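Chains as they are written, first to last, in our numbering: chain G, 1 to 657; chain E, 658 to 1392.
Built from N, CA and C at the ideal position, the CB exists for glycine as well.
These figures come from a predicted structure and were not determined experimentally.
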Amino acid sequence: MAEEKKQSIDQATIEMIEKAAKDGALTVFQRAETTRACPIGAEGSCCSICAMGPCRVMSPRGKEETAEDRRRRVGVCGATPETISARMFLRKIAAGTASHGDHGRTMAKFFLAVAKGEAPGYSIKDEQKLLQLALDLGVAIGERRNEEIAIDIAKLLLAEFGKQEGELLFLKRAPLKRQQLWRELGVAPRGIDIEVAEAMHRTHMGTDQEYHDLLDFGVKVALADGWGGSMIATEIQDVIFGTPAPLLSQINLGVLKEDEVNVIIHGHEPQLAEMMAVAAKDPELIKYAKAKGAKGINLAGMCCTANEMLMRHGVPIAGNFLQQELAVVTGAVEAMVVDVQCIMQGLVDTANCYHTKIITTDPRAKIQGATHMEFEEHHALESAKRILKLAIDNFVNRGKNVRIPKQKTDMIAGFSHETINYLMGGMFRASYRPLNDNIINGRIRGVAGVVGCNNPRTPHDAGNMDMVKELIKNDVLVLQTGCMAMASGKAGLMVPEAAAKYAGAGLASVCEAVGIPPVLHMGACIDNTRILIAATAMVKDGGLGDDISDLPVAGAAPEWMSEKALAIGQYFVGSGVFTVFGVNWPTSGNKEVSDYLFKEFEEKLGGMWAFEPDPIKAAHLMIAHIDKKRKALGIDKARERVLYDMAMRRDLGKVEA
Amino acid sequence: MSKIIASAAIRGAHKIVNDARQKWQQAMDKYGANEPIGFPNTAYYLPIIYGILGTPVAKLGDAEQVLKKCQAILPPMVKEIHPLPYLAPALDAGMATLFAEEIIEAIRYLEQPNFYTKQENTVGGNIWLGAADDIILRKRGIEFVDGTAPGFAAVLGAAPSAEIAARIAQELQQKNLYVFMSAEYNGKRFSEQLLEAGVQIGWPTRLVSFGPDVSATVFALGFAIRASFSFGGIGPGEYRKHLIYNKDRIFAFALPLGYVTDEWYANAAGAINFGFPVIADTPIPEVLPTGICTYEHVVSNIPHDQMVAKAVEVRGLKVSLAEVPIPVAFGAAFEGERIRGEDIYLECGGGRTQMVEWVTSKRMDEIEDGKVEVIGPEITDVTAGSRLPLAIVVEVAGREMQDDYEPILERQIHHLINYAQGVMHIGQRDIAWLRVGKQAVAKGFRLSHIGTLLHAKLHQDFGRIFDKMQVKLYTEGDKVAEMVEKARAAYGVRDARIEGMTDETTDMYYSCTLCQSFAPGHVCVISPERTGLCGSYNWMDCKAASEINPTGPNQPVAKGEVIDAHLGQWKGVNEFVTKASRGKIDHYNFYSVVNDPMTTCGCCECIAAILPLCNGIMTVNREYTEQTPSGMKFTTLAGTIGGGISTPGFVGHGKYNITQRKFLLGDGGLLRIVWMPKMLKEEIGDRFKARAEELGVPNLLDMVADETVGVSEEEILPFLQEKGHPALTMDAIIG
């Protein structure tokens, strides 16, 4: 037991790790034991970019390095450890940006198809958001039909990917001061793809070999993610599938059902999942499932597709990233339908021990040994039905070795920016004012985004839980996305009752007033842009400075693992947010590069990185940063209540003017 | 919003909306969709519905879409375990409640036309006043504007006893707040308790018994939203602006006394949308985090003797109270009290005896500051029901004192004496009239206290323009007669001086932005020959106010270069207006309704409008509630031009201004006036005739049509033709 405890704090996970061991199934937990992390790569001291290497430029351990030693510790081409570290860091950011960008591009193309009526079964669900988007982008509304407006928006957004000059359109959503800063520093992205491509070029052998320059360019690339690809994806998804609003659902492997056909949707892009949700309700298919001896079709999500389905339809979540193979280990999953990103190849091997079909659906992400059934958005419903039918057919192959853990936890999700705005005042007084007010009066100390992945190099869900509990205990409101949101959901932190139980008195009183949990689920990892928009809304509502970097906020990814996480972290830093990562740090082998990211960035950008693997300590770094910002705003001390007389009321207009 | 409150508010909203729907359906069956509904003599239809949703409900059938909207807004009940966020749904439910209650009350007006008295006072046994009509709104609204009334308390239910109710009411009155009352608790109502305790209720004493049911609470919030319409210039459907205006500028709060029912909670949720917090005497859950209201939203379990203080603090209101050392309560809320028949202890003036009030300047060494002398019998020297002659002579001195300030100080005497509880004052100068009630005398009030209160208040408000003051109260016939003679001589000199002042010979005008607490864009500029449109401020008042408070709402405006002498436009004035209106208005004319007239806040006494067919201009005073030849009632006109905008064809002005020589000079002056309500003709008749004589048309007033002639242009034109009204032969009014 002691061993498993270190692997996860989640009981369902621990049980399934045991079952996997018994069944002889291999999982990420076991592989993390046998496959050790490469120490040179982990600290960013290996350059594998050209065939003269790979070159290892690790700093000597345990002894002083002479100047001469230092001079000679370079790659074959002479690249310094700083160049190598920064170069590898930038490449990771570029990969993360490319991934989100590709997701966004898919959505933009899909949006165009929907608007043109070429994707039957899909429509524009959120007219309000469409029109808001049109206003933001300067697309004419007039008397035009939604579809006509949508075509213009889709074309405009699609063009963002290949744009060669100017600036990304969504940069204008940021606080004015921030936009100005980006322009001054030359990090305002021109387009999305161009910045990724230039990053790849700059990091090619013998190109950009000035580490500050490489890391600054990393800001530009990352902003093309946060205020580009990711934001485009989220906005379009809201328009087509609806802007999320609060709803109650459940999470953990216990949502799988003994007597139904269990289908897990895993991955990141929601268009297939949306249609699967429709197909799962098809009476014909349900009849078909019953004919095969099942009581029905049970759809459950995994990873960020799960978040999308949860936020919009209340579809329960089976688990987060590290639980994907464990869902198969239950022996109760007929099919796991996957698209892109964070799909472990190990799934296929695990599935071989059971009856589960691993079905890949995206032409960009095939897996050897999996069944490929390409999802076509032009015939979406048929695609979805075909996949479900296959799953149903597989029900009869379910073996006797089935054990579904009991664990499932209630959680409330669906906190989009628009929803938060509404929740703070109702339809007639919607605004961020109550949030800002209660930050100013100190009931809420600050706001933290705790996001990112799971990583088997650190106990599953533990980093998140310790950090989030510490933050809310200290009256910091926590916003979450991705697999960390799921960890909090499982830990019971995403119900309103958690406020009285875990949060400090101030935060709890606000949660009680509004009726919200102290930890808000804001969506998938692509939806971190909702946090950027929320932060901007806080700036615009006033009283907390005039840039995101003035806000008492901080970000963290305590269990991160993917390149996307680094891109997200960098765009938060570039937007002015202090961001702390756990597990390990990709430039830890180089002090100069780390110092630049951790310290000098703050002077330039107002936001900076930090690395702290201990989640409690990391939480206190965030709280210290929040307190620093509160002090700078002059809200670190209690304020006198202002009583208004007539002269002051008369002057109100002057303040407004 | 705590879960308990949100749950109750949403439950209450469901009940009230259901009730409205049933009542509406029954009324539809009985009267049909075309039956007109509304609150009598009010603009803005059902005001909350109109302000928030922008839907004009004029007929029974119009309410259908509002009820549908209520249904759409009504959130599901709050779940016990893992509730979804409830603050926003509860606030929405609160608004649905208010919409539904407006419909319920409108149907009550339809079904029981005499359920409410529809006036300022209780009538016979009927103590329920119903919605404030527009005359009340404008009259009282000005008090909200100038700070005489900083806000209102909406009291629901009843206090544990009549004595406690009276105490709470008096405390609210002393803070100059209006008290709007509705709903019952334990079979009792606050307003009934006040009557039981012998307290006068009605608009004049600021104790407004809107109605017996919880639904009458909607009149309080309706009053608030009509303030944002008429003084804030906010349009229908601009819900956010209405609510924020109220949060920032209308300092109101709710005091639920007794058990808070679901329906009360639903109303409270509605009130919180306006930024009005709830201060309860029962241990209901509290909502302390801020945001919708300026400070806390719900504060509970407050002892009765601390409620008012707590409410004022929670609402964020500063009330500066005058320390007036007299044995009765003192405040603006007591101004409207009546003292009748058997309640009178002492009466002076009013035609029964001689009475006069006179402020006069003296040399510094002639005055002992604070000295009050009663020369003749005091109250204690006479029996109840007596009459005495009275001369109140206020003697002032100071380095800054000018003769011009004497009438300004003198004009304060009327309301200051009225502010004393149990004392009633009417008129001014040598036609003053005073009654002192038995209750006041029983509490120890004496004539000398008139001197005491005048000394305290005048020093407080006008301390900058004089240094010393003493008061002599004569109550002997011959002395009083002597004072009347002296005072009359002084009045004559004063009047001649004011009469002689012209706009041409005066370089400095004065601004008045007093209303900017309510009408943020509006700027009055007042010249000697164009008094303030509210009737409350003339040039001299502004000058004095400016000296008293140099950074206040009255600023000197150097009129500068003349741009148009005929229309009354000056460069310096334009520059000032541009700045003070924050660029909203860059010029206007003092003497024209046709060309870029002066802006108007919601407070004007009269509104002039062009009548093109008659080639003339009509004007209507706000007390006249019927149709006018412009096709609009006063309330509609005020709604059209209020809020600090310049609307060619319409202009607000004071009554006194009509007979000033520059009145609409640019459009042809007084000779253009073709229609006025009869009551206005009577009120200003003497001065009108004098001015008409100056203009060479002595019988002009007889040529001016009124409602007895007609209320449309077609009806009055033949009359004007028959009388040979001069306007008919003037240049075309619209060139």
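Expressed to the nearest angstrom, what Euclidean distance is found between the alpha-carbon atoms of G/L157 and G/G606?
So the two alpha carbons sit approximately 29 Å from each other.
In whole angstroms, what is the alpha-carbon distance linking E/P1046 and E/A819?
38 Å
In this structure, does DSSP put G/D208 in helix, strand or coil?
Note: G/D208 maps to coil in three-state DSSP.
Starting from the beta carbon of E/A663, find every residue of chain G whose beta carbon is closer than 7 Å, and list them in chain order.
G515
Considering only residues of the same chain and omitting the five flanking positions on each side of G/V447, which have a CB-CB separation below 6 Å?
L477, V553
What residues match up with E/Q1127 in a beta bridge as DSSP calls it?
E/E1052
Can you list the residues of chain E that G/Y644 reaches, using a CB-CB cut of under 8 Å?
F908, G973, L974, K975
Environment of E/S1238 [buried if 16+ CB atoms lie within 10 Å]:
buried
Since E/T1316 and E/R1348 should fall inside the 8 Å C-beta cutoff, what is the C-beta to C-beta distance between them, to a whole number of angstroms?
With a contact defined as Cβ atoms closer than 8 Å, E/T1316 and E/R1348 qualify at about 5 Å.
Measuring only the C-alpha atoms, how far is E/I821 from E/N833?
18 Å
Check distances from the C-beta atoms of the stretch 423-452 of chain G to those of chain E and list, in chain order, the residues that come in under 7 Å.
Among the residues of the stretch 423-452 of chain G, those with a Cβ less than 7 Å away from any Cβ of chain E are L423, M424, G425, G426, M427, F428, R429, R433, P434, D437, N438, N441, R443, in the order of the chain.
Under a CB-based cut-off of 8 Å, is G/V255 close to chain E?
no
Along the chain, where does the beta strand (DSSP E) that runs through G/D410 open and close?
Element bounds for G/D410: 409-413.
So, G/L388 versus G/I297, is the Cβ gap smaller than 8 Å?
Result yes, Cβ atoms of G/L388 and G/I297 sit closer than 8 Å.
Answer yes or no: the CB of E/A1054 versus the heavy atoms of the ligand GDP, is any distance below 7 Å?
No copy of the ligand GDP appears in this structure; indeed no ligand is present at all.
Residues of chain E with CB closer than 9 Å to the CB of G/D636, please, in chain order.
Residues of chain E passing the Cβ test: none, with the nearest at roughly 18 Å.
Whole angstroms is fine: what's the gap from G/Q11's alpha carbon to G/I616's?
22 Å
So G/F89 is in the alpha helix (DSSP H); what residue range does that whole segment cover?
81-115
Range of the contiguous beta strand (DSSP E) that encloses E/V1141:
Note, E/V1141: premise wrong, no beta strand (DSSP E); alpha helix (DSSP H) at 1134-1156.
Going along the chain, which residues of the stretch 397-413 of chain G sit with their C-beta nearer than 8 Å to a C-beta in chain E?
D410, I412
Could you say if the stretch 245-252 of chain G and the stretch 73-91 of chain G meet the contact criterion of at least three C-beta pairs nearer than 8 Å?
no
C-alpha distance - G/H266 paired with G/M309, whole-angstrom precision
Spanning the two alpha carbons is a distance of roughly 10 Å.
By a C-beta neighbour count over all protein chains shown, 10 Å radius and 16 as the cutoff for buried, is E/Y916 buried or exposed?
exposed
Nearest-angstrom Cα distance between G/D349 and G/V402?
18 Å
With a threshold of 7 Å on Cβ separation, who are the neighbours of E/R678 within its own chain once the five nearest residues in sequence on each side are excluded?
L724
How would you list, in chain order, the residues of chain E whose beta-carbon sits under 9 Å from the beta-carbon of G/V315?
Per Cβ cutoff of 9 Å: no residues; G/V315 is ~17 Å from chain E at best.
Taking only three categories from DSSP, how would you classify E/H1310?
strand
Kindly indicate if chain E contains any beta-carbon less than 8 Å away from that of G/S48.
For G/S48, the answer is no, since every Cβ of chain E falls outside 8 Å of its Cβ.
Are E/V1098 and E/Y1002 close, meaning C-beta to C-beta below 8 Å?
Yes, the Cβ-Cβ distance between E/V1098 and E/Y1002 is below 8 Å.
Which of helix, strand or coil DSSP assigns to E/W1332:
strand
Helix, strand or coil for G/N146, going by three-state DSSP, please let me know.
helix
Let me know the secondary structure DSSP gives E/A816 once reduced to three states.
coil
Residue(s) in a DSSP beta bridge with G/C46:
G/R56
Taking the alpha-carbon positions, what's the G/C453 to G/M231 distance?
Looking at the two C-alpha atoms, the distance is approximately 19 Å.
Residue range of the unbroken alpha helix (DSSP H) whose run includes G/T419:
417-423
Does the pairing of the stretch 1321-1329 of chain E with the stretch 1187-1204 of chain E give three or more beta-carbon distances under 8 Å?
The stretch 1321-1329 of chain E, when compared against the stretch 1187-1204 of chain E, does not touch it at the 8 Å Cβ threshold.
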